[in-house]
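Residue numbers (the numbering used here), protein chains in the order written: chain R, 1116 to 1214; chain A, 3 to 159. Glycine included, every Cβ here is placed at the ideal spot set by N, Cα and C. Here's the structure we're looking at; comments come further down.
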Amino acid sequence: MRRNCRSLIPWGTNPRNELEGESNPMLVLSRKPKESIVINGNVTVSVLRVDNENVRIGIEAPIEVPVMRQEIYNEISQNNQAAAGSAEAKMKIKQLVKN
Amino acid sequence: MACAAYDPNDCRAMLTIEHTIPESTSPSAERSEGVPLHFPGGLLGFESNKQFELISDDELKPFQWLKGLDADQSFLVIPPAFVVVNYSVEISDDDVALLGIQSPEDAQVICIATYHPNETVTVNLKGPIIFNQQTGKARQIVPLNAAELSLSHPMGN
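Structure representation (structure tokens):
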């Protein structure tokens, strides 16, 4: 989030930026249950319930905005990084399929 | 605004796709031109890569080549029915709506395969690509039943 905010922390945890070796500053703020945060005017993140270490979060977003747990995003995007190939890789696979 | 609380217990599975091997696995002639696929959100980790072409090539069978048109980043893909039996993915209402899927026949499933330096191939069953074969609209989804699916399923010989 590129916002002017007193509590900007220079290391974000945006997984996409982690992969690309850059990071967005982290905006830190406190919310109580039933309070929300609006992102970009079309995404609302609400704290539904807090018990012990579990925070129940509700996300309202347009369907074209992918929303998922970070661990899942990380594992699938890392898998995609490893899978991405060029025309050269295609030739190798053709050899493999032939054998 | 759709609720996207991605907890499998919170979301109803509107559509379950049981994937079977497509009837037309042996087309009479090699199809040289690809099927254009548009990923409005890109692939996970490759959000800016939105235009792809799915190329069927006899020499690659049963794999296909998902050729990136925005960048030289292409992917080896395979219909999951060639990898495991009884593969089924539960797709959220949101994904069904985004892809404009009217009936299960509209939806095609392919999975990304990874070619490893030791010449083995693993297949990502956990984050499959679903596309609407009527429109070419595609998305790499996290199925509601992702927890029971493998990220790197070894390809049998």
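Beta strand (DSSP E) segment containing residue i, residue limits
i: residue 115 of chain A; result: 109-117
i: residue 79 of chain A; result: 77-80
i: residue 60 of chain A; result: Looking at the DSSP string, residue 60 of chain A is not in any beta strand (DSSP E), and its letter there is neither H nor E.
i: residue 143 of chain A; result: No beta strand (DSSP E) contains residue 143 of chain A, which DSSP labels as neither H nor E.
i: residue 1153 of chain R; result: 1151-1154
Partner residues on chain A for residue i, Cβ-Cβ distance less than 7 Å
i: residue 1156 of chain R; result: Those within 7 Å of residue 1156 of chain R in chain A number zero; the least Cβ separation is about 12 Å.
i: residue 1195 of chain R; result: 45, 46, 47, 48, 114
i: residue 1150 of chain R; result: Within chain A, no residue comes near residue 1150 of chain R; the closest Cβ sits about 16 Å away, beyond 7 Å.
i: residue 1192 of chain R; result: 46, 47
i: residue 1209 of chain R; result: 61, 62
Sheet register partners of residue i (DSSP bridge)
i: residue 54 of chain A; result: A:39, A:70
i: residue 1169 of chain R; result: R:1166
i: residue 18 of chain A; result: A:92
i: residue 125 of chain A; result: A:115, A:155
i: residue 134 of chain A; result: A:109
i: residue 1204 of chain R; result: Residue 1204 of chain R is not bridged to any residue.
i: residue 45 of chain A; result: A:48
i: residue 1174 of chain R; result: R:1160
C-alpha distance - residue i paired with residue j, whole-angstrom precision
i: residue 86 of chain A; j: residue 134 of chain A; result: 22 Å
i: residue 1179 of chain R; j: residue 84 of chain A; result: 30 Å
i: residue 1164 of chain R; j: residue 1185 of chain R; result: 20 Å
i: residue 49 of chain A; j: residue 1195 of chain R; result: 11 Å
i: residue 1144 of chain R; j: residue 60 of chain A; result: 56 Å
i: residue 153 of chain A; j: residue 142 of chain A; result: 13 Å
i: residue 104 of chain A; j: residue 39 of chain A; result: 18 Å
i: residue 1181 of chain R; j: residue 100 of chain A; result: 11 Å
i: residue 1138 of chain R; j: residue 1157 of chain R; result: 22 Å
i: residue 155 of chain A; j: residue 1146 of chain R; result: 41 Å
i: residue 72 of chain A; j: residue 1169 of chain R; result: 41 Å
i: residue 1193 of chain R; j: residue 92 of chain A; result: 23 Å
i: residue 149 of chain A; j: residue 130 of chain A; result: 13 Å
i: residue 1160 of chain R; j: residue 1149 of chain R; result: 10 Å
i: residue 79 of chain A; j: residue 1177 of chain R; result: 28 Å
i: residue 41 of chain A; j: residue 1191 of chain R; result: 16 Å
i: residue 127 of chain A; j: residue 157 of chain A; result: 11 Å
i: residue 1089 of chain R; j: residue 146 of chain A; result: Lying outside 1116 to 1214, the shown extent of chain R, residue 1089 of chain R is not represented and no answer is given.
i: residue 69 of chain A; j: residue 1155 of chain R; result: 32 Å
Proximity of residue i and residue j at Cβ, strictly below 8 Å
i: residue 56 of chain A; j: residue 36 of chain A; result: yes
i: residue 113 of chain A; j: residue 82 of chain A; result: yes
i: residue 51 of chain A; j: residue 44 of chain A; result: yes
i: residue 75 of chain A; j: residue 1204 of chain R; result: no
i: residue 132 of chain A; j: residue 109 of chain A; result: yes
i: residue 18 of chain A; j: residue 90 of chain A; result: yes
i: residue 144 of chain A; j: residue 1187 of chain R; result: yes
i: residue 1142 of chain R; j: residue 121 of chain A; result: no
Interface partners of residue i on chain R, CB under 8 Å
i: residue 42 of chain A; result: 1179
i: residue 127 of chain A; result: Ordered by position in chain R, no residue passes the 8 Å Cβ test against residue 127 of chain A, which lies about 11 Å from the chain.
i: residue 153 of chain A; result: 1190, 1191, 1194
i: residue 117 of chain A; result: 1198, 1200, 1204, 1207, 1208, 1211
i: residue 140 of chain A; result: Simply none; closest approach about 13 Å.
i: residue 148 of chain A; result: 1187
i: residue 78 of chain A; result: 1198, 1200, 1204, 1205, 1208
The alpha helix (DSSP H) enclosing residue i, as first and last residue numbers
i: residue 1163 of chain R; result: Looking at the DSSP string, residue 1163 of chain R is not in any alpha helix (DSSP H); the run it does join, the beta strand (DSSP E), is 1158-1166.
i: residue 91 of chain A; result: Run containing residue 91 of chain A: none in the alpha helix (DSSP H); it sits in the beta strand (DSSP E), 90-94.
i: residue 1252 of chain R; result: Lying outside 1116 to 1214, the shown extent of chain R, residue 1252 of chain R is not represented and no answer is given.
Within chain A, the residues that residue i reaches when beta carbons sit closer than 8 Å
i: residue 1212 of chain R; result: 61, 62, 63, 65
Contact set between residue i and chain R, taken where Cβ atoms lie within less than 7 Å
i: residue 75 of chain A; result: 1199
i: residue 121 of chain A; result: 1211
i: residue 96 of chain A; result: 1178
i: residue 100 of chain A; result: 1178, 1179
Near the ligand FAD: residue i beta-carbon under 7 Å from a heavy atom
i: residue 1149 of chain R; result: Although the ligand FAD was asked about, the structure shown includes no ligands whatsoever.
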